[in-house]
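J.:
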Amino acid sequence: MTARPSSGLKGVVRAPGDKSMSHRAMILGAMATGVTEVEGLLEGDDVLATARAAEAFGATVERLGQGRWRVTGRGGLTSPAGVIDCGNAGTGVRLLMGAAAGYDLTATFDGDASLRKRPMGRVTDHLERMGARFQWSGAKGLLPATVTGGRLSAIDHVQTVASAQVKSAILLAGLNAEGVTSITEPEKSRDHTERMLTAFGADVDVEERGEGWVIRLKGRQPLTSTPVAVPGDPSSAAFPLAAGLIVPGSEVTVEGVMLNPLRTGLFDTWREMGGDLTISNRRVSGGEVVGDITARHSALNGVVVPESRAASMIDEYPILAATAAFAQGQTVMRGVGEMRVKESDRIRLMVDGLRACGVVVEEEPEGFIVSSGPVPGGATVHTAHDHRIAMSHLVLGLAAQGEVIVDEPEMIATSFPGFVEMMRGLGGSVE
Ligand code: S3P
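Start counting the sequence shown at 0; every next residue gets the next number (numbering that gives the first Met the number 0).
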């Protein structure tokens, strides 16, 4: 797929549903008793894989219309007949492993080539401490893996990395464990699981502690179905907004973006860089604050991104790096070693991709630094099965001097079906 230099992107678009909340809606809907109606579900490949998994674990899952789904849960998960294929989705597989571990069942999980390389031990080690058993078909800690669940005991876990996936897997297992599961997060990670568990009737206790918090969940709590309205995904909204900031003459509005403060680090950073971002029409929808964000073409300056902000924008560093290429001075991104274990090694892939496009980038073990200068483009970028690497370089290509080509554009559908049409509708040249 090719992005060519464009100008004057204009328009009002709507962000696709939030991926994190969409996975959770499917999983909690399957664990609960009753009918959960979901609105605004992200119909990306990752979430569709979780929807199929919910069905394989015994729920009835129906699509009622665009983004409107109905999950009928039977108050627990049962052994699936075949292998649970989670595709490209780290969130899907890790949360499903946690949920499944709490029930008396056996299930085998697998995924695509990218997911088979990602570390599962960060979740399964803790689930094993709770009493679940894992068998690995190949290397320990890598998919495919078979879990045998049931009869879990609660644990106290102190997070060493601010990972919402690890926290969520333990909480979902803890829901069916004996005793009170506690998770201490020295740094907060996204709290969608805690919020949604509460909405499904579970008693979740959150105690603020310093910069972080302690989350406590009593085991053996039933979940009761409830309607879920999924707001727009800030991680997806980032792409059209980035184009608005770096393509000369642009003004792009994305409506209905979730503004949970644990997800909006990128918007704070862009503002610090001098980005003209305005948020209007703030309202509450589906238990989250949402708003409409307008980005206008801006003269950006490089900044040092505070390391403490990493968790609130961990998926956004690739698109931040693409916009940083157009900023005056250096943009320093450190304390982001977690980027190396996402859908790809995102530090490596961004360094390689930006360099191929003529941008000066320095790589560090846990970070990278993007310098200003011309952005010639004229490159084909290798995306290693990673949707965000592909979209970041396509957006870069709209503002570069020459075209930018990405391989594997089909991966974009994992999180943002309709991305290409949206960018074209705004006036971007993407083919
Ligand atoms: C997610 C948590 C983050 C993020 C991922 C979605 C979630 O991963 O990168 O895209 O929905 O909980 P980690 O928890 O591993 O940081």
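Every residue gets a Cβ at the ideal spot worked out from N, C-alpha and C, and that includes glycine.
So which of 142, 203, 422 and 299 has the shortest CA-CA distance to residue 372?
T.: Position 373 of the sequence shown, counted from the first residue, corresponds to residue 372. Closest option to residue 372, Cα to Cα, is 299.
J.: Hey, is residue 167 close to the ligand S3P, as in C-beta under 7 Å from one of its heavy atoms?
T.: Locating residue 167 in the sequence shown gives position 168, where the first residue counts as 1. Result yes, Cβ under 7 Å from the ligand S3P.
J.: Just verifying my parser: in three-state terms, what is the DSSP assignment at residue 238?
T.: Taking the first residue of the sequence shown as position 1, residue 238 is located at position 239. Residue state, collapsed to three classes: helix.
J.: Measure the alpha-carbon distance for residue 269 versus residue 263 and round it to whole angstroms.
T.: For the purposes of this step, residue 269 is identified with residue 270 of the sequence shown, where counting begins at 1. For the purposes of this step, residue 263 is identified with residue 264 of the sequence shown, where counting begins at 1. Their backbone Cα atoms lie some 10 Å apart in a straight line.
J.: Okay, do the segment 388-404 and the segment 210-222 touch, 3+ Cβ pairs below 8 Å being the bar?
T.: No contact exists between the segment 388-404 and the segment 210-222.
J.: Nearest CA to the CA of residue 344: which residue from 370, 369 and 313?
T.: Counted from its first residue, the sequence shown places residue 344 at position 345. The shortest Cα separation from residue 344 among 370, 369 and 313 belongs to 313.
J.: Would you list the residues sitting across from residue 361 in a DSSP beta bridge?
T.: Position 362 of the sequence shown, counted from the start, is the residue given in the question as residue 361. Beta-bridge pairing links residue 361 to 368.
J.: Among 348, 61 and 124, whose alpha-carbon lies nearest the alpha-carbon of residue 381?
T.: Counting from one through the sequence shown, the residue named residue 381 turns up at place 382. Out of 348, 61 and 124, 348 has the C-alpha closest to the C-alpha of residue 381.
J.: Could you have a look at residue 22 and say whether DSSP puts it in helix, strand or coil?
T.: If you number the sequence shown from 1, residue 22 lands on position 23. In the structure shown, residue 22 sits in a helix (DSSP, three-state: H, G or I).
J.: Take residue 216 as the anchor and find which of 145, 32 and 167 has the nearest alpha-carbon.
T.: As a working mapping, residue 216 is identified with position 217 in the sequence shown. Answer by Cα proximity: 167.
J.: From residue 421 to residue 84, what does the alpha carbon distance come to, in whole angstroms?
T.: In the sequence shown, counting from the first residue as 1, residue 421 sits at position 422. In the sequence shown, counting from the first residue as 1, residue 84 sits at position 85. Looking at the two C-alpha atoms, the distance is approximately 29 Å.
J.: Cα separation between residue 254 and residue 64?
T.: Taking the first residue of the sequence shown as position 1, residue 254 is located at position 255. Taking the first residue of the sequence shown as position 1, residue 64 is located at position 65. Straight-line Cα distance between these residues: approximately 20 Å.
J.: Measure the alpha-carbon distance for residue 335 versus residue 365 and round it to whole angstroms.
T.: By 1-based counting over the sequence shown, the position of residue 335 is 336. By 1-based counting over the sequence shown, the position of residue 365 is 366. Taking the straight line joining both Cα atoms gives about 5 Å.
J.: If contacts are defined as beta-carbon pairs under 8 Å, then residue 289 and residue 265 qualify, I think. What distance do you get, rounded to the angstrom?
T.: Indexing the sequence shown from 1 puts residue 289 at position 290. Indexing the sequence shown from 1 puts residue 265 at position 266. Residue 289 to residue 265, Cβ: 16 Å. No contact.
J.: Suppose the cutoff is 6 Å on Cβ atoms and the five residues either side in sequence are ignored; what does the same chain contact list for residue 145 look like?
T.: Here residue 145 refers to the residue found at position 146 of the sequence shown. Correct list, in chain order: 107 and 134.
J.: Report the rounded CA-to-CA distance for residue 277 versus residue 59, giving the unit in angstroms.
T.: Here residue 277 refers to the residue found at position 278 when the sequence shown is read from its first residue. Here residue 59 refers to the residue found at position 60 when the sequence shown is read from its first residue. Spanning the two alpha carbons is a distance of roughly 41 Å.
J.: The ligand S3P and residue 187: does any heavy atom of the ligand fall closer than 7 Å to the residue's C-beta?
T.: The count along the sequence shown starts at 1 and reaches residue 187 at position 188. Every heavy atom of the ligand S3P is 7 Å or more from the Cβ of residue 187, so no.
J.: Mind checking whether the beta-carbon of residue 337 lies closer than 7 Å to any heavy atom of the ligand S3P?
T.: Here residue 337 is taken as the residue at index 338 of the sequence shown, counted from 1. Yes.
J.: Is there at least one non-hydrogen atom of the ligand S3P closer than 7 Å to the beta-carbon of residue 21?
T.: Numbered from its first residue, the sequence shown carries residue 21 at position 22. Every heavy atom of the ligand S3P is 7 Å or more from the Cβ of residue 21, so no.
J.: Does the structure place the segment 179-190 close enough to the segment 203-217 that three or more beta carbon pairs sit under 8 Å?
T.: Yes: the two stretches touch, three or more of their Cβ pairs being nearer than 8 Å.
J.: What are the start and end residues of the alpha helix (DSSP H) that includes residue 338?
T.: In the sequence shown, the residue the question calls residue 338 occupies position 339. It is not in any alpha helix (DSSP H) - residue 338 carries neither H nor E in the DSSP assignment.
J.: Quick check on the DSSP output: the alpha helix (DSSP H) that includes residue 166 runs from which residue to which?
T.: In the sequence shown, the residue the question calls residue 166 occupies position 167. It spans 163-173 - the alpha helix (DSSP H) in which residue 166 sits, taken as one unbroken run.
J.: Is it buried or exposed for residue 81, if we count other Cβ within 10 angstroms and need 16 for buried?
T.: Translated into the one-based positions of the sequence shown, residue 81 becomes position 82. By the 10 Å Cβ count, residue 81 comes out exposed.
J.: What three-state label does DSSP hand residue 116 in the structure shown?
T.: Counting from one through the sequence shown, the residue named residue 116 turns up at place 117. Residue 116: helix per DSSP, three-state reduction.
J.: Check this for me: beta carbons of residue 19 and residue 189, under 8 Å apart or not?
T.: For the purposes of this step, residue 19 is taken as residue 20 along the sequence shown, with counting starting at 1. For the purposes of this step, residue 189 is taken as residue 190 along the sequence shown, with counting starting at 1. Result yes, Cβ atoms of residue 19 and residue 189 sit closer than 8 Å.
J.: Have a look at residue 226 and residue 38 and give me their C-alpha separation to the nearest angstrom.
T.: Taking the sequence shown and counting its residues from 1, the one referred to as residue 226 is at position 227. Taking the sequence shown and counting its residues from 1, the one referred to as residue 38 is at position 39. Straight-line Cα distance between these residues: approximately 8 Å.
J.: Just list the alpha helix (DSSP H) runs in the segment 199-272, keeping only unbroken ones of 4 residues or longer that don't cross its boundaries, in chain order.
T.: The qualifying runs are 233-245 and 264-271.
J.: Near residue 229, which residues of its chain fall below 8 Å by C-beta distance, leaving aside the five closest residues on each side in sequence?
T.: Start at 1 with the first residue of the sequence shown, and residue 229 comes out as number 230. Counting only Cβ-Cβ distances below 8 Å, and skipping sequence neighbours, we find 16, 17, 20, 21, 24, 37, 38, 39, 40, 41, 66 and 285.
J.: Have a look at residue 79 and residue 123 and give me their C-alpha separation to the nearest angstrom.
T.: In the sequence shown, the residue the question calls residue 79 occupies position 80. In the sequence shown, the residue the question calls residue 123 occupies position 124. Rounded to whole angstroms, residue 79 to residue 123 spans 19 Å at the Cα level.
J.: Residue 101 and residue 32: beta carbons closer than 8 Å?
T.: Taking the first residue of the sequence shown as position 1, residue 101 is located at position 102. Taking the first residue of the sequence shown as position 1, residue 32 is located at position 33. It is not a contact, given that the beta carbons lie outside the stated cut-off.
J.: Grab me the residues of residue 389's own chain with a C-beta within less than 7 Å of its C-beta, minus the 5 sequence neighbours each way, in chain order.
T.: For the purposes of this step, residue 389 is taken as residue 390 along the sequence shown, with counting starting at 1. Closer than 7 Å at the Cβ level, and outside the excluded window around residue 389, lie 382, 405, 407, 408, 410 and 411.
J.: Answer yes or no: the CB of residue 311 versus the heavy atoms of the ligand S3P, is any distance below 7 Å?
T.: In the sequence shown, counting from the first residue as 1, residue 311 sits at position 312. Flag unset: Cβ of residue 311 not near the ligand S3P.
J.: For residue 163, is the beta carbon positioned less than 7 Å from some heavy atom of the ligand S3P?
T.: Stepping through the sequence shown from its first residue, residue 163 is reached at position 164. Because some heavy atom of the ligand S3P lies under 7 Å away, the Cβ of residue 163 counts as near it: yes.
J.: Should residue 413 be counted as a contact of the ligand S3P given a C-beta to heavy atom distance under 7 Å?
T.: Here the question's residue 413 lines up with position 414 in the sequence shown. The answer is no for residue 413.
J.: Below 6 Å CB to CB, which residues in the same chain sit around residue 52 once its five sequence neighbours on both sides are set aside?
T.: The residue labelled residue 52 in the question sits at position 53 within the sequence shown. Cβ neighbours of residue 52 beyond the five flanking positions: 83 and 95.
J.: May I ask which residues mark the beginning and end of the beta strand (DSSP E) holding residue 96?
T.: For this step, residue 96 is matched to residue 97 along the sequence shown. Premise fails: residue 96 lies in the alpha helix (DSSP H), 89-100, not in any beta strand (DSSP E).
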